[in-house]
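> Going letter by letter, the sequence shown gives residues 1 to 138 in the UniProt record's numbering.
Where is the CB? At the ideal position from N, CA and C, for every residue including glycine.
The model shown is predicted, which means the values in this text are computed figures rather than measured ones.
Got a structure here, written out as structure tokens. Questions coming.
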Amino acid sequence: MTETATKEQAKATKATPKEEVEPQEWEGSYTDLSNIQRSFKITESDGTTIDVKVKWPGKQTAENIEAMTMAVVDGVQRLTPGDFHKALFQVFGKPVVNGKTSKAVINADFFEQHEDKTYDYLMEKTDSFLSRTPDTDK
Numbered sequence: 001m002t003e004t005a006t007k008e009q010a011k012a013t014k015a016t017p018k019e020e021v022e023p024q025e026w027e028g029s030y031t032d033l034s035n036i037q038r039s040f041k042i043t044e045s046d047g048t049t050i051d052v053k054v055k056w057p058g059k060q061t062a063e064n065i066e067a068m069t070m071a072v073v074d075g076v077q078r079l080t081p082g083d084f085h086k087a088l089f090q091v092f093g094k095p096v097v098n099g100k101t102s103k104a105v106i107n108a109d110f111f112e113q114h115e116d117k118t119y120d121y122l123m124e125k126t127d128s129f130l131s132r133t134p135d136t137d138k
């Protein structure tokens, strides 16, 4: 009887439907720590967490990075987001991924391992950080 009860228990355990886990939604937020530093906290859909800070590089460098958004090619003004974003990478500190300081730096290779939404969010919010005037935005 014990063997039969054990078999029935095993069948009942197999038949119990598993609870479906809601997928993690991508979340991103930032906090201005000071007028020259912004901190980002991101949770990707797979649960990966990324914490990274950007630091104001100074007015001249910020203006030079902003100037990379467009170029004149054969007399035509064109957007150059690749060059702009590459220049923007230099204002990022070391990322902390899943609670551990990463050996990687923020660059194109870093973003190949993460969601497009993470890339878009960090580029947009870092651009807005550089294009403000830190002397007046306290």
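Assuming residue 126 is part of the beta strand (DSSP E), what are its boundary residues?
Here residue 126 belongs to no beta strand (DSSP E); instead the alpha helix (DSSP H) covers 116-130.
> Please confirm whether residue 55 and residue 42 have their CB atoms less than 8 Å apart.
It is not a contact, given that the beta carbons lie outside the stated cut-off.
> Starting from the Cα of residue 30, find the closest Cα among 74, 61 and 51 and give me that residue.
With distances taken between Cα atoms, residue 30 lies closest to 51.
> Are residue 24 and residue 45 close, meaning C-beta to C-beta below 8 Å?
Yes, Cβ-Cβ distance for residue 24 and residue 45 is below 8 Å.
> Using CA coordinates, which residue listed in 75, 38, 47 and 108 is at the minimum distance from residue 57?
Among 75, 38, 47 and 108, the Cα nearest to that of residue 57 belongs to 38.
> To the nearest angstrom, report how far apart residue 65 and residue 112 are at their CA atoms.
So the alpha carbons of these two residues sit roughly 22 Å apart.
> Keeping to the same chain, check which residues put their C-beta closer than 6 Å to that of residue 125; ignore five residues upstream and five downstream.
Hits under 6 Å: 30.
> Is DSSP giving residue 28 helix, strand or coil here?
Strand.
> For my contact list, residue 87 and residue 78 are in at a C-beta cut-off of 8 Å; report their separation, rounded to the angstrom.
That pair is no contact at about 16 Å.
> Between residue 132 and residue 63, what straight-line distance do the alpha-carbon atoms span, to the nearest angstrom?
Distance between the alpha carbons of residue 132 and residue 63: 10 Å.
> Is it buried or exposed, residue 118, if we count other Cβ atoms within 10 angstroms and call 16 or more buried?
Residue 118 comes out buried.
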